[in-house]
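Here is the structure we will look at, set down as structure tokens.
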Amino acid sequence: MKRVFSLLEKSWLGAPIQFTWQKTSGNYLAVTGNCVAMDWDKDGDILAVIAEKSSCIYLWDANTNKTSQLDSGMRDEMSFLLWSKIGSFLAVGTIKGNLLIYNHQTSRKIPVLGRL
């Protein structure tokens with residue numbers, strides 16, 4: 005088994021560690037700290053991550069090893085995200101029930117307002 009990475013205790017300081025498997029090649033990514041949610045796209049190429057107290061969605065491309073930031077434009081705290089299983093759509097929701105649908109192929113954002 006090949007070691008992909010290791011975490012020194014001083015780097016995670018007892019914070020919960022979250023990890024996710026890459027669906028196609030079996031790689032995984034682990035993060036510590038204020039990560040709220042993360043999910044791979046249907047092909048296992050793009051990892052979307054949302055962090056606590058941030059309005060940005062971080063998109064990491066496993067093929068190019070580059071990260072981009074997408075401003076969600078949401079004022080409420082984001083609480084979940086999930087990629088579509090059949091397309092390049094990313095759904096991101098807030099604690100107040102608002103939803104953002106992001107089309108990664110066209111870079112179009114569609115806000116959906118909800119009420120709880």
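For the record, in the sequence shown the residue sitting at position 34 is 38 according to this note's numbering, with numbers rising by one throughout. Idealized CB from N, CA, C, for every residue including glycine.
### Environment of Leu85 [buried if 16+ CB atoms lie within 10 Å]
buried
### Task
Determine the burial state of Leu117: buried for a count of at least 16 other Cβ atoms within 10 Å of its Cβ, exposed for fewer.
Exposed.
### Message
Comparing C-alpha positions only, which one of Ser76, Ser92, Trp44, Gln109 sits nearest to Leu103?
### Response
Ser76
### Query
Is it right to say Asp80 is buried, meaning 16 or more other beta carbons lie within 10 angstroms of its own, or is it exposed?
Classification of Asp80: exposed, given that the 10 Å Cβ count is below 16.
#### Entry: Other residues of its chain near Ala41: CB distance less than 7 Å, five sequence neighbours each side excluded
Correct list, in chain order: Ile54, Phe84, Leu85.
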